[in-house]
Amino acid sequence: MRVYIGCGGYSNEDWTAPGLIYEGVRKDGYLDAYARHFDAVELNSSFYAIPGLKAFEGMARKSGGRTRFAVKLNRAFTHDRAPTDADYDRMLQSPEPLRDAGLMGPYLAQFPYSFHRTADNRKYLLGLAERFAGHELAVELRHASWDKPEVREGMGEFGLIWVSPDYPPVGGMPEPQVHVTGDVGYLRLHGRNEGSWWEGKSAAERHDYRYNRAEMDEWAEKIALVAEDLSELYVFFQNTTKGHALKNIPMLREALNARGVPAPTPDPGDDGRLL
21 MRVYIGCGGY SNEDWTAPGL IYEGVRKDGY LDAYARHFDA VELNSSFYAI PGLKAFEGMA
81 RKSGGRTRFA VKLNRAFTHD RAPTDADYDR MLQSPEPLRD AGLMGPYLAQ FPYSFHRTAD
141 NRKYLLGLAE RFAGHELAVE LRHASWDKPE VREGMGEFGL IWVSPDYPPV GGMPEPQVHV
201 TGDVGYLRLH GRNEGSWWEG KSAAERHDYR YNRAEMDEWA EKIALVAEDL SELYVFFQNT
261 TKGHALKNIP MLREALNARG VPAPTPDPGD DGRLL
């Protein structure tokens, strides 16, 4: 199993703090600096506006061919749930430079908690799977009504990747387990800040949490149990606030390596401030 580890987004202003990877780095150099430390990134900007071909060409170039990109579906697909044919065309065609460079990871469909398991929503998800057939599509379903073996079995039949999550223990959401629905696995670690998950005014507040070593050992154990069932696993830390993810990723790599799951640290070249 090849493990790719990175963060939710790379344009994190918090990381300009002294000692972190963007200290003294111009904003147009963020992706180059990021790619020296992480071999995967979850692209957030596409949720708000689908980038064009030239933007994706720039990402492939600035990352130096070192980083896989998981591309988040635009909100038209997951929150508004009224994508046009033009939305589908742009979402499927614009990342072509990443595919050409061998840097394309799965698409990510991040549905909101309000997307419950109803007949209409099941039908919508099936339609989405059909339109993205031939492409890896990871689906995060935040409401606990989806957290059932029969749902994952159906997702596997239609080639969808179940997103395994780590949420705060606030109830009503899927349990923190690694589930396999195909050759590729996908894990999103949101942190466990239960005090601000529902009340937080921003994503930064909700993800203001640093995992401890025991929690990283816990996830390494769960990952090791499915290592023989997957060819690839993507692990994305969402707790980028205050650089928490930058501290947690080395912990997880160490814990995985200790359990015989290779998680090498990229060579950062001249810029070794993080690890």
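Read in order, the letters of the sequence shown are residues 21 to 295 in the working numbering.
Every residue gets a Cβ at the ideal spot worked out from N, C-alpha and C, and that includes glycine.
Buried or exposed for residue i, please, with buried defined as at least 16 other CB atoms from any protein chain shown within 10 angstroms of its CB.
i      : result
Leu2   : Any answer about residue 2 is impossible in this case: the structure gives the chain only from 21 up to 295.
Asp186 : buried
Arg208 : buried
Val171 : buried
Arg110 : buried
Tyr68  : exposed
Ser222 : exposed
Ser66  : buried
Arg119 : exposed
Pro103 : buried
Leu146 : exposed
Leu245 : exposed
Met29  : Sequence inspection shows Gly at residue 29; the Met mentioned does not correspond to that position. Gly29 is buried by the Cβ-count criterion.
Let me make sure I understand the geometry here. Which of the options has the alpha-carbon closest to that of residue i?
i      : options                        : result
Asn259 : Glu241, Cys27, Phe67, Ala158   : Cys27
Ser83  : Leu51, Arg95, Asp107           : Leu51
Asn94  : Arg22, Trp182, Tyr127, Gly179  : Tyr127
Glu219 : Gly202, Arg151, Pro188         : Pro188
Trp239 : Glu150, Gly215, Met271         : Met271
Ser134 : Gly192, Asp34, Glu173, Arg230  : Gly192
Leu253 : Asp228, Met236, Glu235, Val281 : Val281
Pro288 : Gly29, Ala55, Gly49, Asn32     : Ala55
Glu235 : Gly215, Gly211, Thr138         : Gly211
Gly125 : Arg101, His57, Arg279, Phe256  : Phe256
Trp35  : Ala265, Met79, Gly122          : Ala265
Gly85  : Phe58, Arg101, Tyr231          : Phe58
Gly202 : Leu245, Tyr144, Ser251         : Ser251
Leu112 : Pro71, Arg101, Gln130, Gly122  : Pro71
Ser31  : Thr285, Leu245, Tyr231, Ala224 : Ala224
Arg101 : Leu123, Gly122, Asp140, Ala75  : Asp140
Gly122 : Glu33, Gln130, Met79           : Met79
Glu241 : Asp48, Glu173, Pro286, Arg279  : Arg279
Ile181 : Tyr231, Gln130, Tyr144         : Gln130
Given a cut-off of 7 Å, decide if residue j and residue i are closer than it, judged by their beta-carbon atoms.
i      : j      : result
Ala158 : Tyr206 : yes
Leu63  : Ser114 : no
Pro132 : His155 : no
Asp249 : Val200 : yes
Val91  : Ala283 : no
Val183 : Glu150 : no
Ile243 : Ile25  : no
Pro117 : Glu77  : yes
Ala96  : Asp105 : no
Arg142 : Trp166 : no
I believe residue i touches residue j by the beta-carbon criterion, under 8 Å. Please report the beta-carbon distance rounded to the nearest angstrom.
i      : j      : result
Ala60  : Arg81  : That belief does not hold up - the Cβ atoms of Ala60 and Arg81 are roughly 17 Å apart, past 8 Å.
Glu226 : Asn213 : For the sequence presented, residue 226 should be read as Arg rather than Glu. Correct: roughly 6 Å between the Cβ atoms.
Ala164 : Pro194 : 6 Å
Asp228 : Lys262 : 7 Å
Val198 : Trp217 : Not quite, the Cβ-Cβ distance comes to about 21 Å (not below 8 Å), so this is no contact.
Gly176 : Ala153 : Their Cβ separation, rounded to whole angstroms, is 14 Å, which puts Gly176 and Ala153 out of contact at 8 Å.
Does any C-beta atom of chain B lie closer than 7 Å to the C-beta of residue i?
i      : result
Met124 : No chain B appears in the structure shown, which is made up of a single protein chain.
Taking contact to mean 3 or more Cβ pairs, one atom from each stretch, closer than 8 Å, check whether the region 36 to 51 and the region 272 to 279 are in contact.
no
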